[in-house]
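Some notes on the structure that comes next.
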Amino acid sequence: MCNKFLQWNIRGLKSNYEDLRLLLSQSSPAAVALQECKLAGGQTSPPGYTLLLQGESDKEGKAALLINNKLKYTQLCLSTGLHAVAATVSLTKAITVVSIYLPPVPCTVSRVSLQKLIDQLPRPFVLLGDFNAHSPTWGDPKLDERGALVENLVQEIDLIILNHKKITFVHSAHHTKSAIDLAVTSASTALDYEWAVHSDLCGSDHFPIFLTFRGNDSTSDDPNVFNYSKADWNSFVDLCSKAINASLLDTESPADTFTEKVLEAARASIPFHTNKGNRVRVPWFTSECREAIRDRKKAQRKYFNNPIPENLINFKRTKAKCKRIIKQSKKSTWKSYVSTFNINTSTKTVWNKIRKIKGKEIRPNTHLKKNNLIITDPKESVNILAETFSKTSSTENYSAKFQKIKQSKEKNNINFSSDNNETYNQPFTILELRDSLKRSNQSSAGPDGISYQFLTHLPDTCLEVLLNIFNSIWETGIIPPSWKEATIIPIPKPNKDTSDPKSYRPIALTSCLCKTLERMVNSRLVWVLETQGLISKYQCGFREDHSTLDHLVRFETFVREALARKKQVLAVFFDLEKAYDTTWKHGILTDLHELEFRGKLPIFIQNFLSDRHFRVRSGSQYSDSYRQENGVPQGSILSPILFNLKINNIMKSVSSNANASLFVDDFALYIEGKHLQHLERTMQLCINKVHNWVSNNGFKFSILKTTCVHFHRQRIFKEPLIKLDGQPVPVKTEAKFLGVLFDNKLSFEPHIMALKRKCQKALNILRVVGHTDWGADRETLLKLYRTLVRSKLDYGSIVYGSAKKHILKTLDPIHHQGLRIALGAFRTSPIQSLYAESGEPSLEHRRLKLSLNYAAKLNSMPENPGFESLTDSSPIEFFETKKSGPSFGARLQNHLEKIETKYENIDNIKVRKPPPWEQYNVKFDTSLTEFEKGNTNALVLQKEFLNLKEQYNEHYEIYTDGSKQDHKVAAAFFLPDDPGDSVSARLRDYSSVYSAELEAILMAMKMVKSKLSRRKRHFAVFVDSLSALQALENRHFKNKNILLISGKNTMSQMTWDNCSEK
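Reminder that position 612 of the sequence shown reads as 612 in UniProt numbering, one-by-one numbering, no gaps.
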């Protein structure tokens, strides 16, 4: 909405805070002029608003402004002795809003001081505040000296008072009524406003006053936002079924026609969000609160109409009751809210949500500046942002040398022509389309207005039409122009000057239809690259079964081994400037051609990268269309793998005598040796080769952010001299690599100290949530601890766990403090009791557990770059006589001996993943789970099962089960038609029932293979484990369920054949 101003002498922001939030929720004003806020320590602005004060001279907030965060504004620096604060706000035009408070003492205000204030205000302006001035002109029964002063002033300088002679103030002690709250504006804009007094005092003795601006709201969000919570999906499906059919494929642009038909069905079955969507939601406002406010208003009207003591007492009683009910509602809502935090919630998200609930969200949204000039026009502002984003991907960012290379190379067209007999070029299947939609996130719609909610609710007939459209695009390579457009939402970067256009991060919204097709193409491209080993093994970013830990363990092992052999290590950690935005598109296509990709797949990527445009949106204001000249598209599904493809060849430029690590665009080089001079020469030659590749491929290293660390054990040493592009690389005693701080002694003390400080800040969340006023329970607090604190302690712990014990022990108080807060334990509570009550081990044991788990996983993947950290590690005895601590592999040797486990017993099995175009149609039916086992009669369950079984009477039936008794575990499957072929098997002792259920299904699948040869094509597998089915149904889950086959330490994964599963 943002087309109103609110003025209110609130008489204490804290005491009437809930009433203020309700007013903001109901009207969402552009600016709020408050007087007599009586600010206490820590009290700031309500959610969605920024609080502006006069400065150090008015800490209590005699006059204050709240600016809606949807608006751009600039606070004015006023030179005045009056209590006044002003800001220029952009609506349909720039308007200066002033909040002013003139105390009732006559000598504090003079005509000169008011004239001086008004002279500083850019026009048009509106002056809102408590003037404490009485005059019949604006509805007061008497005229005083202050009133006469204001009357004369507005007449002399051509101002207009907007008041309509209505009462704005009721004296709480004398019960007298007056009109002392004024709205004064420039004569040129007087007709643009509508002045109105609110019907309720809302806890103050001054009525809130609304000033409505007669003009279009340029700040409201895009009006075409569907309200999915009120969608009639049955009607949507019916409309789509009628409107979308095969005849649509004969239109001039099937994709655009499909989009129009889906949107028509959506408009007819799904309502749009109204302007109320712009309001700040008040989560604690319940029907009880609404009733209490209604009673308060009723008592207020009764008292005003008949001001007798009885009515006054009743009014005060209902007023206090209303405040109590709102406070209780707020507490109970908060208690319910914090229980929704989950393990995926970040610290920043939790803090933001807490600030919103407590009203301490501060998101300044100041006007942009260009050449030190303030930009107040909304259209010009978004164009400036769009121009800034466009320049980021401009060819001007490239060096003069590369611009010549680029111009020369792009003259030669790349020929991807082929007979399309390559398997990855065959048409897409309906299973690929369903899988793509299943893996989609519920992200916002792009410029075409189609969201994933629409696509996931489409009936099968419409999906077939959509698949034909995708295959037509795949065949011709012609991508609809609307799919190559993006809407950019500018998000301010943390702790940056929001008046600088470079302080915004672009968030791109692209077509969900295009992203669905991209995901299908991406699956094929990734499968080919991975199965043929075309991506360097040292690239761990955006790859399945790879993580930052692989490089961290590898690097730490390399340095440990070198220091133990009395060698030195020279490491350089590089930073690529604007890597995504400057990725060379033609270079990506060249690399695809060199990797022998031909036909539809590379042609699709070629067209996908060409001729891309975007527009910036702020509220409902759109910028002009700008071109993205270079770089991979923001928000695209294909962008990560395409970037990996381009950066991949940097590893080929690394010298054979140097080691390198690559995680997306985080790149490191490191070498070992006994003599620094030799290390310098070797590293310099390697850097020269790498820099030459970078320069010839459009990338650029940031010299300021690139650092060198010299790892050594020498007391007297010389700093190395390494140059990058002719400039010396800064040599530091420590550097952060993939989130872990490595110091030159590899003590990890700086990292652990920084980690401790970081965790202490996260503990503050537990203190806030754990306060009795908020009412969080033990389970919630433990979940928060594990999510926000323990996760930080876990990351990199298998690496920094090699630090000395006295350094590691500095983290124990964090662990214990977090558990005490979560459990509500005393400071004197024994540590062991904390572990027992919470189910949490000590940090030392947790580090060991994580290390063993990672080692087991690593040892089963020989292609992983961290694999050598285990196999090539020196024995633990080698490190016992050295000052350097043991490497990762050596640290675990004694522990493995204690549990009688050897790495050799874990088979290195590489499971072949079937290509995406050869997926099998496996149906999962969990309809029986709709009946609660504990609340449903057994006969009802039997009847429902028999009805369900009847649907698959032509299928070959298989029943699976897993069981556990004490520590013994077994799995089996049963064939009613062939009981003799039923199989049972023992699993290793202490295995879980979950593993047994999966083992039973695996055995059944192996049997299915043999039955396929007997022309049995339809199978129904009945499973009583919902968790097993859910894990198998989601074949793209991150934590893969690995089965431990009975009698062997062999790791195996499920494979699927043509069957139907229940």
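Yeah, the Cβ is synthetic: ideal placement off N, Cα and C, and Gly gets one too. Keep in mind it's a predicted model, so treat the numbers as computed, not measured.
Around the CB of Glu-930, fewer than 16 other CB atoms lie within 10 Å, so the residue is classed as exposed. In the DSSP secondary-structure assignment, Cys-708 is bridged to Val-572 and Val-731. Within the region 460-496, the runs of beta strand (DSSP E) that reach at least 3 residues and sit entirely inside it are, in chain order, 485-492. As the crow flies, the alpha-carbon of Pro-47 is around 16 Å from that of Leu-6. Separation of Thr-286 and Thr-333 (C-alpha to C-alpha, rounded to the nearest whole angstrom) is 10 Å. With a cutoff of 8 Å on beta-carbon distance, Ile-703 and Leu-724 are scored as near each other.
Taking a contact as a CB-CB distance under 8 Å, the pair Arg-146 and Phe-131 counts as one, their CB atoms being some 7 Å apart.
For the region 215-264, the full-length alpha helix (DSSP H) segments reaching 4 residues or more read 233-243 along the chain.
If the five residues before and after Gln-760 are omitted, its C-beta is found closer than 8 Å to the C-beta atoms of Ile-814, all from its own chain and listed in chain order. For the pair Val-262 and Phe-454, the CB atoms are nearer than the 8 Å cut-off. By alpha-carbon distance to Glu-260, the top candidate from Lys-321, Arg-434, Asp-181 and Pro-447 is Pro-447. When the alpha-carbon of Ser-695 is set against those of Ile-405, Ile-765, Tyr-956 and Leu-458, the nearest one is in Ile-405. Within the same chain, Cβ atoms closer than 8 Å to the Cβ of Ser-472 are found at Leu-249 and Pro-254, the five residues on either side in sequence being excluded. A direct Cα-to-Cα measurement between Ile-325 and Arg-290 gives close to 10 Å.
The secondary-structure analysis by DSSP pairs Lys-370 across a beta bridge with Leu-373.
The three-state secondary structure of Pro-506, taken from DSSP, is strand. The closest CA to that of Gly-739, considering only Asp-591, Thr-582, Phe-663 and Met-683, is found on Phe-663.
For His-546, no beta strand (DSSP E) run applies, since DSSP gives it neither H nor E.
Put simply, the backbone Cα of Arg-123 is about 7 Å away from that of Thr-96. Here Cys-77 is exposed, its C-beta having fewer than 16 other C-beta atoms within 10 Å. Ile-160 has Thr-185 as its beta-bridge partners, per DSSP.
The C-beta distance from Pro-916 to Arg-524 rounds to 6 Å, short enough to meet the 8 Å contact threshold. By the Cβ test, the region 548-567 is in contact with the region 792-807, since at least three Cβ pairs between them sit closer than 8 Å. In the displayed model, Glu-194 falls within a strand according to three-state DSSP. When DSSP reads this structure, His-613 sits in a beta bridge with Glu-485 and Arg-627.
For Lys-4, the uninterrupted beta strand (DSSP E) segment begins and ends at 4-9. In the structure shown, the three-state DSSP call for Ile-180 is coil.
Ala-762 carries a helical assignment under DSSP once its states are collapsed to helix, strand and coil. Around the beta carbon of Glu-561, 16 or more other beta carbons sit within 10 angstroms, so the residue counts as buried.
Closest in alpha carbon position to Val-85, among Phe-428, Leu-53, Val-731 and Leu-149, is Leu-53. Contact check for Ala-87 against Gln-75 passes: the beta carbons are separated by less than 8 Å. Going by DSSP, Glu-1033 is part of the alpha helix (DSSP H) stretching over 1026-1033.
Among the bridge pairs identified by DSSP, Gly-962 is matched with Ala-971.
Excluding its 5 nearest sequence neighbours in each direction, Met-683 has C-beta neighbours in its own chain below 8 Å: Leu-570, Val-572, Ala-658, Leu-669, Ile-671, Pro-720 and Ile-722, listed in chain order. For Leu-52, there is no enclosing alpha helix (DSSP H); the residue is found in the beta strand (DSSP E) stretching over 49-53. In the three-state reduction of the DSSP assignment, Ala-400 falls in the helix class.
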